[in-house]
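Participant: Under my numbering, the sequence shown has 304 at position 290, and the numbering climbs by one with no breaks. Dumping the structure here so I can ask a few things about it.
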Amino acid sequence: MASISETLLFFSIILTLSRAMHSASVVEDLNNLKPPPDFNTTIRNNCVHNPSLRYCNSSDLNEIFKSTIVASHLCNESRNPNCVETFPKIDLRSRPKIAPLYLSFSFFWKYCPLSILSIDLSNNSMKGSFPIDVLQCTQIQALDLSHNELTGDVPIHSFSPLTNLTLLNLSYNYFSESTMSDTEFFKRFNASSFIHSGLLPNQKKFTIKAIILLVGFPIFVILMVGCFWWLCFVRPDFLPRVFRRKNKFTLSMLKAATDGFSRENLVGKGEGVDMYRGVLRDGTQVRIEIYRDDISRESQRRFEEECKVLVQLSHENIVQVLGSCSRRKLRAIVTEWMEGENVEIWLSRSAPSWKHRLKILMGVVKGMCYLHEEWPEVGYDLRTSSVLLSDNLEPLISRFKVGDQSSSTRKIHKFGVFLLEIVVSSRLSDESKSGEVGFIDHIRKHYPGNLREVIDERMKMTENSFDQAKQLIRLGLMCTDQSSSHHPHLSQIADIITRAYESWNVLASPTHKRSPGDRGKGHKRIQSR
């Protein structure tokens with residue numbers, strides 16, 4: 015029930031102003047209204063009788079006066095039966111034109127009359143955030159904000175002073191979802207107070223989210239597992255280097271490096287092997303040997319073990335093996351790419367000097383000694399077609415066989431043939447009809463008296479270089495002599511080649527001075543017929 019002081023105040027104000035203006039104009043022209051002369055006295059008297067009145071602690075008479083004017087008009091707009099005696103409710107439901115106006119009068123809600131027990135602002139299509147000013151009427155028992163378009167968060171903490179509130183309706187709004195079940199305040203109301211308010215989890219949306227989670231998450235996991243599988247086993251070159259399997263290449267990596275094994279990247283073919291030029295994802299140029307044959311699992315296992323050994327080879331005269339790819343029907347060895355040609359092509363296309371030929375022999379012997387001392391189980395191919403040349407004419411042994419059971423005698427024989435091919439005319443090697451045996455026999459027939467017939471006539475040789483060539487041909491024939499049981503050891507071969515190479519460097523040096531006994535001899539030209 016409204017207090018007597020508030021009722022007398024409303025009654026006196028209405029009597030004072032009813033003759034001067036209509037209610038609509040009062041609301042619209044609040045800023046032009048001034049309190050009557052006895053207004054201050056009336057306020058003080060009211061506060062003496064009832065100190066709990068909200069305006070008793072305020073000294074702003076103009077604001078208090080405007081709030082009482084709004085209260086009197088709002089009481090009538092709310093269709094209360096006797097506004098002079100009591101103001102029990104604010105009823106602005108379905109009043110979309112004036113409801114926002116009264117909500118904008120923050121000074122009214124600041125001094126909300128204690129007699130108001132119910133506020134109904136439903137069905138007004140109000141937009142914006144929760145009208146928090148109405149919560150200053152802490153004595154209310156009912157609040158209805160349903161059927162609006164309010165959004166954002168509900169200020170739950172501001173409801174704490176509303177201890178008398180028993181009826182709350184926030185249905186049919188667009189509030190943000192809240193964890194209401196954890197709030198003691200909301201436990202006083204049932205779910206019908208929040209139908210389609212956005213506060214309670216929407217069952218349909220919850221079901222959709224649950225379905226998405228139950229179906230989508232496994233799909234996401236499958237996709238992630240598939241992605242990791244692809245990165246680990248198909249294209250590990252997309253992984254950081256620290257996570258890659260060292261020295262392992264996949265078929266997809268090789269296809270990407272060679273544009274799908276295109277003809278443009280095919281640089282050579284052999285018996286059961288195709289050689290491609292490729293570019294890895296990090297820009298490294300490589301040479302890829304592809305072996306397309308169906309092998310047993312045991313052979314595949316041996317191949318993998320061989321490759322584990324080959325990638326450990328490290329010498330300036332041995333091609334670096336970067337890794338391998340092992341499958342039942344396709345195997346591959348990946349090595350560094352060399353821009354230079356092989357020794358066979360180099361000999362046939364150019365006319366290498368004796369110095370450069372000695373350099374090739376010296377490099378090959380160094381590589382042989384390294385393999386003999388460090389990796390005796392690794393065999394190698396010393397044909398001129400398989401020894402590559404780097405940009406600075408360093409020879410590189412490029413073909414290997416792990417577990418090669420060839421005897422040291424067989425390896426010495428191979429080097430002997432290689433040495434003879436370096437020294438003699440490439441034409442002689444090409445014209446030999448009976449192969450390697452005929453090639454060696456032909457040289458042996460001309461040794462030692464008629465070597466000018468077999469030495470490469472394109473070389474401009476001095477007497478010293480001719481003597482060295484003669485000595486090396488003798489070494490080559492000793493290495494390839496199958497009738498003898500005594501062949502030179504690799505250490506002896508290395509010593510002879512090294513002395514020849516170093517002596518030539520001394521002779522070719524501009525600081526070298528010949529002795530009187532050498533004058534007219536060391537650099538005399540030997541004309542080969």
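Glycine included, C-beta positions come from ideal geometry on N, C-alpha and C.
Under three-state DSSP, which class holds E303?
Facilitator: Residue state, collapsed to three classes: strand.
Participant: For S517, I'd like the list of residues in its chain whose CB is within less than 7 Å of its CB, leaving aside the five on either flank, ordered along the chain.
Facilitator: Excluding sequence neighbours, S517 sits near nothing in its chain.
Participant: Would you decide whether T272 is buried or exposed? Buried here means 16 or more other CB atoms lie within 10 Å of its CB.
Facilitator: So T272 counts as buried.
Participant: Leaving aside the five residues before and after F208 along the sequence, list all residues of the same chain whose C-beta is less than 7 Å from its C-beta, in chain order.
Facilitator: If we look at F208 and ignore the five residues flanking it on each side, its Cβ neighbours are L184, S185 and L214.
Participant: Between R301 and the rest of its own chain, which residues show a CB-CB distance below 6 Å, the 5 nearest in sequence each way excluded?
Facilitator: Result list for R301: T349 and W351, in chain order.
Participant: List the residues that DSSP assigns as beta-bridge partners of P409.
Facilitator: In the DSSP output, where bridge partners are listed per residue, P409 has L403.
Participant: Measure how close the beta-carbons of L491 and R513 come, nearest whole angstrom, since I'm counting them as under 8 Å.
Facilitator: About 18 Å separates the two Cβ atoms, so there is no contact after all.
Participant: Just the C-alpha distance for G337 and V248, rounded to the nearest angstrom, thanks.
Facilitator: Taking the straight line from one Cα to the other gives about 15 Å.
Participant: For the segment 469–485 against the segment 356–372, do three or more pairs of beta-carbon atoms, one drawn from each stretch, fall closer than 8 Å, so that the two count as touching?
Facilitator: Counting Cβ pairs under 8 Å, three or more are found: they touch.
Participant: Do D251 and M267 count as a contact pair if the criterion is CB distance below 8 Å?
Facilitator: Yes, the pair counts as a contact, with Cβ atoms nearer than the cut-off.
Participant: Measuring CA to CA, which of L402, E318, S362 and I511 is closest to A353?
Facilitator: With the sequence shown as reference, residue 353 is identified as Glu, and Ala is not the correct amino acid for it. Among L402, E318, S362 and I511, the Cα nearest to that of E353 is on L402.
Participant: Please classify C241 as buried or exposed, where buried requires at least 16 neighbouring CB atoms within 10 angstroms.
Facilitator: C241 should be labelled exposed.
Participant: What is the DSSP secondary structure of L47, counted as helix, strand or coil?
Facilitator: Note: L47 maps to coil in three-state DSSP.
Participant: Do you know whose CA, among S399, N187, L228 and L410, lies nearest M376's CA?
Facilitator: Among S399, N187, L228 and L410, the Cα nearest to that of M376 is on L410.
Participant: Among all the DSSP beta bridges, which residues are the ones paired with F429?
Facilitator: In DSSP, F429 forms no bridge with anything.
Participant: For the putative contact between E134 and R107, defined by C-beta atoms under 8 Å, what is the C-beta separation to the nearest angstrom?
Facilitator: Reading the sequence as shown, one finds Asp at residue 134 and not Glu. That pair is a contact at about 5 Å.
Participant: Just tell me which of L465, E318, W360 and R109 has its CA closest to the CA of R342.
Facilitator: Per the Cα distances, E318.
Participant: I'd like the span of the alpha helix (DSSP H) that includes D455, first residue to last.
Facilitator: Looking at the DSSP string, the run of the alpha helix (DSSP H) that includes D455 is G449 to H460.
Participant: Quick check on S86: does DSSP put it in helix, strand or coil?
Facilitator: It is helical.
Participant: So, is K428 buried or exposed, given that buried needs 16 or more other C-beta atoms within 10 angstroms?
Facilitator: Buried is the call here.
Participant: On the DSSP bridge list, what partners appear for V392?
Facilitator: According to DSSP, which records beta bridges pairwise, V392 is partnered with V416.
Participant: Determine the burial state of A34: buried for a count of at least 16 other Cβ atoms within 10 Å of its Cβ, exposed for fewer.
Facilitator: Low confidence applies to A34: its pLDDT is 37, below 50, so where it sits in the model is not reliable, and the reading given next is rough at best. Exposed.
Participant: From S555 to K415, what does the alpha carbon distance come to, in whole angstroms?
Facilitator: What the structure shows of the chain is the stretch from 15 to 543, and residue 555 is not part of that stretch, so it cannot be assessed.
Participant: Going by the beta-carbon positions, is the gap between I374 and I436 smaller than 8 Å?
Facilitator: Yes, the pair counts as a contact, with Cβ atoms nearer than the cut-off.
Participant: To which residues of the same chain is K535 closer than 7 Å at the C-beta, ignoring the five residues directly before and after it?
Facilitator: Interpretation of K535 is limited by its pLDDT of 37, a score under 50 that renders its predicted location unreliable; no figure is taken from the coordinates.
Participant: Helix or strand or just coil, what does DSSP make of L181?
Facilitator: Strand at L181.
Participant: State buried or exposed for L385, treating a residue as buried only when at least 16 other CB atoms are found within 10 Å of its CB.
Facilitator: Looking at its Cβ environment, which holds 16 or more other Cβ atoms inside 10 Å, L385 is buried.
Participant: Any idea what DSSP makes of R513, helix, strand or coil?
Facilitator: Helix.
Participant: Quick one: which unbroken beta strand (DSSP E) runs of 3-plus residues sit fully inside the segment 318–396? Chain order, please.
Facilitator: List check, beta strand (DSSP E) in window: 335–340, 345–350 and 392–394.
Participant: For F101, which residues in the same chain have their Cβ closer than 7 Å to its Cβ, ignoring the five residues on either side in sequence?
Facilitator: These residues qualify, in order along the chain: A16, A85, C89, N94, P127, S129 and I130.
Participant: Between which two residues does the beta strand (DSSP E) holding I165 run?
Facilitator: Checking the sequence, you will find Thr at residue 165 rather than Ile. Taken as a continuous stretch (DSSP letters only), the beta strand (DSSP E) holding T165 covers E163 to G166.
Participant: Return the first residue and the last residue of the alpha helix (DSSP H) that K124 is part of.
Facilitator: Counting along the chain, the alpha helix (DSSP H) containing K124 begins and ends at S120 to K124.
Participant: If you follow the beta strand (DSSP E) that L280 is part of, which residue opens it and which one closes it?
Facilitator: Run containing L280: L280 to G284, per the beta strand (DSSP E) assignment.
Participant: Identify every residue that forms a DSSP beta bridge with A156.
Facilitator: DSSP lists S132 and L181 as partners of A156.
Participant: Roughly how many angstroms lie between the CA atoms of R109 and L117, to the nearest whole one?
Facilitator: Looking at the two C-alpha atoms, the distance is approximately 12 Å.
Participant: Rounded to a whole number of angstroms, what is the C-alpha to C-alpha distance between S192 and T165?
Facilitator: Looking at the two C-alpha atoms, the distance is approximately 12 Å.
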